[in-house]
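Chains as they are written, first to last, in our numbering: chain A, 232 to 675; chain B, 263 to 744.
Okay, so here's the structure we're looking at.
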């Protein structure tokens, strides 16, 4: 095991081979800065760039109830000026040095990433430090970003995917932050002030809720002081609003929104399985069999391949901090929406009742084990994965253990978990033209 | 050869929805797929720049006796390979009345052969945990798998088999046609901005088949059949019309040996005529099109100019257009953004793009979303002023340097992703470029001068060579019949 030694300069950890086929040579090192900031590092000099990915716990779930969109707007403002640099000067520096910096507000955390050329790394590190520690939130930049957010929100009002997704979340979590749109509403965005953004970054951008991963042309010894330089001036402790645990509502309901578009958009979801639950990995396999990636899931076969009802049909697990979901969707011809939803429901029921076959289990395990390595094909993807593993608290050896966890799953496991995951019912939203019989009932 | 960052492709499954029509909108499928990938994790593709000479991989290029071109791009970081087969045929090669057949055939290529019936190829890829997909553009059609390197030969055997061995029955063709019609609904029919994009492109090309949507016109897609697909297949799918690109942990000697053992055995089944498409006459009229749809909650405009591609341009012209697009509309410090969003805020967002990789004359685009109290006509005029200013007064050294840095950085960042590199070479070689032109692209970009950029604006941003599309809300209430 690795010993984690805070405040000791660097290299607390023995290196761990990424046992993936795809980074066989690479090692994950745990680096602790002189100031006690931890990062996971894959040092690799074959391409002269450095990718940093990080996350602060506390995302849009920290938005004030009457002001959804605050964290989202803060993320959008992070490259609009910091320290002595206004938006123009800040972006000029980013561009002249080909620094790519981005922030993204998610439900449970703020994610950020930086990509720099090795030869321009100091510029990149300084700009990231400035953005994190002294964002300006200038009024003129805020008004520009606000106009962009409102424009996107106006567009969403007639987009069937957005209408469906918003309705789904609002119905599933009526009283909870998860039920509010992460990018705000036409009512809330005009209300957001500089103080709201400041309040968010002040409470959330803190060292105790920070996870960092670095991949690329930098070694552990160099990285230690860099971590202090970028993140060292942040407050020690975050002041997060506690987020109450959430249980999904309205399971078993089907909601319809009329919209005059040729193709109906279907969203569905039910209660999932938490990331830390021992059943998560079996559930991951069950989902793969039902509607996961690759061109071989049951939904893909039944809905697309055999019947040509849709171009896209999928399901996925969405474990969040205070709830867990199982989600999916498709888009289908207006006159086939009911048939398609019925087919999806019957496939979910069939898998819940009879479970996967032995052959399906073996093929899925084989796919999931083999494909894991292919997720690691760019520095940014590796860094992002290493942050996620830290957020999920899976341990620095997780990548090594992961395929063993998949392998250990038995047919009895997936049968039991299929029932647990899929037997609870789903909430379905459909946005599109009413079908004939419905239209007739409505007198249309 | 510009990086194909804005490939206009249609994928068999949405692994990304390319900018068919509205380059500034992000597709929902991207978001979704990230979440799907996420029980595991998210991530976007690669980036950055270094001096051109540095670290560029040693790319090999050779031809088999049957005419198949092979490109090998070494990437030894991980024991993984990207195996891509590119055919020099796309939507612009379709016979009249059969629009969409190139893309439909791409879907049907997964239906099996006599040797490997009913999706066995995909099942094997899935079982070994590989990734696969396919894509179609106006100029090329491609298929790829990403697998661990020990599976490379198996992929080559499967791909060689379906180069000439496809078997189709109505039982699989007809449901797949419905899948494609739903794809058309998702990409276009449900999306007013995408519908406008099709109209602008159709109006821009008076004579050249680039005016047709890659996915096809719906009434023609509805009639495509098994015989159409097989006829197109037999005409174009032959080793002498294909480029194999392999990027990853494999050497050129090994690829040569494996390629001879697999693809080398596929006979030439067709002689492919030179790709001569009907060309554009002189364009003489400033054109506008307006698409009104009751669902337009946010009006916007998009304009396309007919301009030379990297293949049709004189030396340096395409590189100058690439820099011009970057200076005009790349990011929040671009000319258009500073003038129209920041200084005199008539727009909420603006941008510019250039689709450099194409066999024939291509498109340069600008777009914008007006502030709420600004009309599309006012925004249109304001954009004209910015473009006219660049044409008259040129660009600054600082702007030039920043744009060059960005484009060259993109090449370095691309080296972080073998799939991106493979796509870059594959799209170039099927769009009329050579390997050498790809590898020297950063050097040519570095040589573009401020005069070149001003001249590009003067010569090519001529409104008579353009179509401007307005997306507006339909106000007349439509009778609803369903």
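Positions of the beta carbon are idealized from the N, C-alpha and C atoms, including for glycine.
None of the values given here were measured: they were computed from a predicted structure.
Is the beta carbon of residue j closer than 8 Å to that of residue i?
| i | j | result |
| --- | --- | --- |
| residue 566/B | residue 400/B | no |
| residue 396/B | residue 402/B | no |
| residue 491/B | residue 367/B | yes |
| residue 715/B | residue 656/B | yes |
| residue 403/A | residue 395/A | no |
| residue 620/B | residue 573/B | yes |
| residue 505/A | residue 568/A | no |
| residue 691/B | residue 648/B | no |
| residue 417/A | residue 393/B | no |
| residue 354/A | residue 330/A | yes |
| residue 410/B | residue 342/B | yes |
| residue 501/A | residue 657/A | yes |
| residue 680/B | residue 509/B | yes |
| residue 477/B | residue 445/B | yes |
| residue 286/A | residue 442/A | yes |
| residue 271/A | residue 464/A | no |
For the beta strand (DSSP E) that residue i lies in, which residues bound it at each end?
| i | result |
| --- | --- |
| residue 499/B | Premise fails: residue 499/B is in no beta strand (DSSP E) and is neither H nor E. |
| residue 545/A | 541-550 |
| residue 269/A | 269-274 |
| residue 624/B | 624-632 |
| residue 345/B | 342-349 |
| residue 396/B | 393-398 |
Apart from the five residues just before and just after residue i, which ones in its own chain have a Cβ nearer than 7 Å to its Cβ?
| i | result |
| --- | --- |
| residue 627/B | 285, 564, 565, 566, 614, 615 |
| residue 266/B | Caution applies to residue 266/B, whose pLDDT of 42 falls short of 50 and renders its modelled position unreliable; the value that the coordinates give is listed next. Counting only Cβ-Cβ distances below 7 Å, and skipping sequence neighbours, we find 619, 685, 686, 689. |
| residue 178/A | Coverage of chain A is limited to positions 232 through 675, which leaves residue 178/A absent and any answer about it impossible. |
| residue 661/B | 589 |
| residue 542/B | 467, 468, 469, 470, 568, 623 |
| residue 238/A | Confidence is the limiting factor: at residue 238/A the pLDDT is only 28, short of 50, which leaves the residue's position unreliable and the question unanswerable from this model. |
| residue 595/A | 516, 519, 520 |
| residue 472/A | 293 |
| residue 329/B | 501, 502, 530 |
| residue 726/B | 545, 546, 547, 548 |
Can you round the beta-carbon distance between residue i and residue j to whole angstroms, since I take them to be within the 8 Å contact cut?
| i | j | result |
| --- | --- | --- |
| residue 261/A | residue 620/A | Not a contact, Cβ separation roughly 12 Å. |
| residue 517/A | residue 652/A | 6 Å |
| residue 581/B | residue 710/B | 5 Å |
| residue 368/A | residue 434/A | Contact doesn't hold; Cβ gap of about 15 Å is too wide. |
| residue 420/A | residue 384/A | 7 Å |
| residue 593/B | residue 326/A | 6 Å |
| residue 277/A | residue 391/B | No, residue 277/A and residue 391/B are not in contact; Cβ-Cβ is about 24 Å, not under 8 Å. |
Excluding the five sequence neighbours on either side, which residues of its own chain have a C-beta within less than 6 Å of the C-beta of residue i, listed in chain order?
| i | result |
| --- | --- |
| residue 264/A | 455, 458, 459 |
| residue 298/B | Confidence at residue 298/B is low in this model, with a pLDDT of 27, below 50, so its placement is unreliable and no value can be given for it. |
| residue 333/B | 323, 507, 687 |
| residue 328/A | 351, 354 |
| residue 555/B | 454, 736 |
| residue 336/A | 290, 291, 302, 303, 306 |
| residue 712/B | 656, 657, 662 |
| residue 644/B | 602, 608 |
| residue 437/A | 465, 466, 468, 469 |
Alpha helix (DSSP H) containing residue i: first to last residue?
| i | result |
| --- | --- |
| residue 365/B | 363-370 |
| residue 330/A | Note, residue 330/A: premise wrong, no alpha helix (DSSP H); not H, not E. |
| residue 680/B | 680-691 |
| residue 452/B | Counting along the chain, residue 452/B falls outside any alpha helix (DSSP H), and DSSP gives it neither H nor E. |
| residue 567/B | First-last for residue 567/B: 562-569, but that is the beta strand (DSSP E), not the alpha helix (DSSP H). |
| residue 620/A | 610-622 |
| residue 344/A | Where residue 344/A is concerned, there is no enclosing alpha helix (DSSP H), although the beta strand (DSSP E) it sits in stretches over 340-348. |
| residue 668/B | 659-676 |
Please return the same chain residues whose Cβ sits closer than 8 Å to the Cβ of residue i, not counting the five positions on each side in sequence.
| i | result |
| --- | --- |
| residue 572/A | 485, 497, 499, 659, 661 |
| residue 483/B | 361, 362, 366, 439, 442, 443, 446, 477 |
| residue 475/A | 407, 553 |
| residue 478/A | 502, 554 |
| residue 640/B | 608, 632 |
For the ligand COA, is there any heavy atom lying closer than 7 Å to the beta carbon of residue i?
| i | result |
| --- | --- |
| residue 641/B | The ligand COA is absent from the structure shown, which contains no ligand whatsoever. |
For the pair the segment 636-655 of chain A and the segment 587-602 of chain A, tell me if three or more CB-CB distances fall below 8 Å.
The segment 636-655 of chain A, when compared against the segment 587-602 of chain A, does touch it at the 8 Å Cβ threshold.
Should the segment 304-321 of chain A be regarded as contacting the segment 529-543 of chain A, the criterion being three or more beta carbon pairs within less than 8 Å?
The answer is no - the segment 529-543 of chain A does not touch the segment 304-321 of chain A, with fewer than three Cβ pairs under 8 Å.
Inter-stretch contact (C-beta, 8 Å, three-pair minimum) for the segment 478-492 of chain A and the segment 610-618 of chain A:
Output reads no: the segment 610-618 of chain A does not touch the segment 478-492 of chain A.
Between the segment 534-551 of chain B and the segment 582-601 of chain B, do at least 3 Cβ pairs fall closer than 8 Å?
Two segments are said to touch when three or more pairs of C-beta atoms, one from each, lie closer than 8 Å; by this definition the segment 534-551 of chain B does not touch the segment 582-601 of chain B.
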